[in-house]
Each structure stands twice: as structure tokens, then as C-alpha cells.
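Q: Can you read through this structure? Questions will come right after.
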């Protein structure tokens, strides 16, 4: 049976994001994504996602990544901000 979620790597401002496929997303306000192929993760609100977890191409997710907590997770995952785009090597 095919999983109902988009489990392909997606990108936001150069950040590789991979949806963690879970069965308990029903009723939750957000979905969890790993950062840069590491165990670091962030929750992205459903208002920026399609039903299958695909990130809206016009979504402004800067507020998700501009918290001190998320910036630390980006740093741990090997991502650095350069010219408005996050760069890093895949782990």
C-alpha cells in the first residue's frame, strides 16, 4: 500500500526537508520534517502544506526557521545562511 504522504525531499531556501511519515497526523496542526538528511527536525504548520505534506511553493516559512531553536537545529544539521539561501553538505 502506498503511503498517502509526499516522502520525496523538498527544499525551502536551500534547506533539504523530508517529511517524516507518521500515522498520527490526523487532527494535528503541523507535520514534522527532518533537516538536511539528519535527525534534526522542525514542525511545519499544515496551512503551508497540501494534504499529502507537499510544501506550498509560495509559502513563507521564514518564521519557522528564524527561531533560536530552529537556527540551532539548522546549525547542527550542517546548514549555513549565505545570501538569503541556506547551504550545506548533505550528511
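In our numbering, the protein residues as written are -2 to 88.
Ideal Cβ positions, reconstructed from N, Cα and C, are used throughout, including at glycine.
1) Ordered along the chain, which non-local residues of its own chain (more than five positions away) have a Cβ less than 8 Å from that of residue 53?
2) Count the CB pairs spanning the segment 69 to 87 and the segment 32 to 46 that are closer than 8 Å, and state whether there are at least three.
3) What does a CB cutoff of less than 6 Å around residue 7 pick up in its chain, not counting 5 residues either side in sequence?
4) Under a Cβ-count criterion, where at least 16 other Cβ atoms within 10 Å of its own Cβ denotes burial, should residue 83 be classed as buried or exposed?
5) Residue 57: which of 65, 67, 9 sits nearest, CA to CA?
A: In short, the structure shows the following:
1) 45, 46, 47
2) yes
3) 14, 52
4) buried
5) 9
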